[in-house]
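Protein chains in written order, with the numbering used here: chain A, 6 to 159; chain B, 67 to 197.
Here a beta-carbon is modelled for each residue, glycine too, at the ideal position from N, C-alpha and C.
Take a look at the structure set out below.
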């Protein structure tokens, strides 16, 4: 099903999320200008609408997200904390994206990948893409639609 | 008062736990519905049954909706308040959760004040504590 999702929708969702849990609101940025994505988190939406919601950022940004979310010094983070925190971010963004797309549909558990990641879906196309600047760091949120979603990232 | 926070994300359990401690609760945690049922039973056996469970929806092993249905079948837990805290914001899912036995529903992202207000509405904390 064709769906409309505006960049402003993504920015509003991210703004609420960052303000609630990360202590400061991000500012809009330009996709593709930041550091290379080293950590990519994704959730799949399946049902009336099918696609993938992806958040990507540098490893340093991911560590800062974990530190801010857990309110801990980065040195005190336990193994898995960073992936857990980034995964929860994409879970919340994905749930809120799902709510503005045609339903009913279900949300997968988050998947976090390190290194270069790509969306592994046949016929995938970008529905909306937003970039954020947070504490001088770059975060990108991309929503892909697909007629055949096969997992999130690889 | 004891509360049980059920979420597969440690970060989210930490955020919710911090809010609940600020409201005067002693907090236990579980990472999925099955672990929560086991924890609930263990705490009940010790005479320390939680008065409140904050329940995520999407979790591995056993999801939050199944957990709520399971708790609803147990007479010993009839006084436990069940609050769904989830990204699932579709109207149909909210209705499903409330029909299954959830007493309240909070959509992520939430603020600490939003949780505190819900706790006051449920009579679990006084309005002064949340102010």
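| task | List the residues of chain B whose Cβ lies closer than 8 Å to the Cβ of residue 97 of chain A, in chain order. | result | By one-based count along the first chain, residue 97 of chain A stands at place 92. Ordered by position in chain B, the residues that pass the 8 Å Cβ test against residue 97 of chain A are 153, 174 and 175.
| message | Strictly under 8 Å for the Cβ-Cβ distance: is residue 82 of chain A near chain B by that measure? | response | Indexing the first chain from 1 puts residue 82 of chain A at position 77. Not closer than 8 Å to any Cβ of chain B, the Cβ of residue 82 of chain A fails to qualify, so no.
| field | residue 30 of chain A to residue 136 of chain A span [Cα, whole Å] | value | If you number the first chain from 1, residue 30 of chain A lands on position 25. If you number the first chain from 1, residue 136 of chain A lands on position 131. Rounded to whole angstroms, residue 30 of chain A to residue 136 of chain A spans 13 Å at the Cα level.
| request: Report, in whole angstroms, the separation of the C-beta atoms of residue 158 of chain B and residue 135 of chain B, which I expect to be a contact under 8 Å. | output: Along the second chain, read from residue 1 onward, the residue named residue 158 of chain B stands at position 92. Along the second chain, read from residue 1 onward, the residue named residue 135 of chain B stands at position 69. About 16 Å; that fails the 8 Å criterion.
| query | At which residues does the alpha helix (DSSP H) containing residue 76 of chain B begin and terminate? | reply | Position 10 of the second chain, counted from the first residue, corresponds to residue 76 of chain B. Note, residue 76 of chain B: alpha helix (DSSP H), 76-88.
| request: Look up residue 52 of chain A in the DSSP assignment and give the residues it is bridged to. | output: Position 47 of the first chain holds residue 52 of chain A. A:110, per the DSSP bridge assignment.
| field | Inter-residue Cα distance where the pair is residue 14 of chain A and residue 114 of chain A | value | Along the first chain, one-based indexing puts residue 14 of chain A at 9. Along the first chain, one-based indexing puts residue 114 of chain A at 109. One C-alpha to the other measures close to 22 Å.
| What did DSSP end up calling residue 148 of chain B once you bin it into helix, strand or coil? | Taking the first residue of the second chain as position 1, residue 148 of chain B is located at position 82. Looking at residue 148 of chain B - three-state DSSP - the assignment turns out to be strand.
| If you measure from the beta carbon of residue 93 of chain A to each beta carbon in chain B, is any gap under 8 Å? | As a position in the first chain, residue 93 of chain A is number 88, starting the count at 1. Output row for residue 93 of chain A: interface = yes.
| field | Cβ of residue 56 of chain A within 8 Å of any chain B Cβ | value | The residue labelled residue 56 of chain A in the question sits at position 51 within the first chain. With 8 Å as the cut-off, residue 56 of chain A does not count as an interface residue toward chain B.
| field | residue 26 of chain A beta carbon less than 8 Å from that of residue 85 of chain B | value | What you label residue 85 of chain B is simply residue 19 of the second chain in a count that begins at 1. What you label residue 26 of chain A is simply residue 21 of the first chain in a count that begins at 1. In this structure, residue 26 of chain A does not lie closer than 8 Å to residue 85 of chain B by Cβ.
| said: Considering Cα atoms alone, identify which of A:151, A:146 and A:152 is closest to residue 37 of chain A. | reply: For the purposes of this step, residue 37 of chain A is taken as the residue at position 32 of the first chain. Answer by Cα proximity: A:146.
| From residue 53 of chain A to residue 90 of chain B, what does the alpha carbon distance come to, in whole angstroms? | For the purposes of this step, residue 53 of chain A is taken as residue 48 along the first chain, with counting starting at 1. For the purposes of this step, residue 90 of chain B is taken as residue 24 along the second chain, with counting starting at 1. Using only the alpha carbons, I get a separation of about 43 Å.
| So the alpha helix (DSSP H) residue 105 of chain B belongs to, where does it begin and stop? | If you number the second chain from 1, residue 105 of chain B lands on position 39. Where residue 105 of chain B is concerned, the enclosing alpha helix (DSSP H) stretches over 99-111.
| query | Sorted by chain position, which residues of the same chain lie with C-beta nearer than 7 Å to residue 56 of chain A's C-beta, five sequence neighbours on each side aside? | reply | Within the first chain, numbered from 1, the residue matching residue 56 of chain A stands at position 51. Once the five neighbours on either side are set aside, the close Cβ partners of residue 56 of chain A are 50, 132, 148, 149, 150, 151 and 154.
| message | Would the stretch 126-145 of chain B count as touching the stretch 83-98 of chain A if we require 3 or more Cβ pairs under 8 Å? | response | no
| query | Which residues share a DSSP beta bridge with residue 68 of chain B? | reply | For this step, residue 68 of chain B is matched to residue 2 along the second chain. Paired residue(s): B:92.
| message | Would you say residue 100 of chain B lies against chain A (beta-carbon separation less than 8 Å)? | response | Taking the first residue of the second chain as 1, we reach residue 100 of chain B at position 34. No, residue 100 of chain B does not count as interfacial toward chain A.
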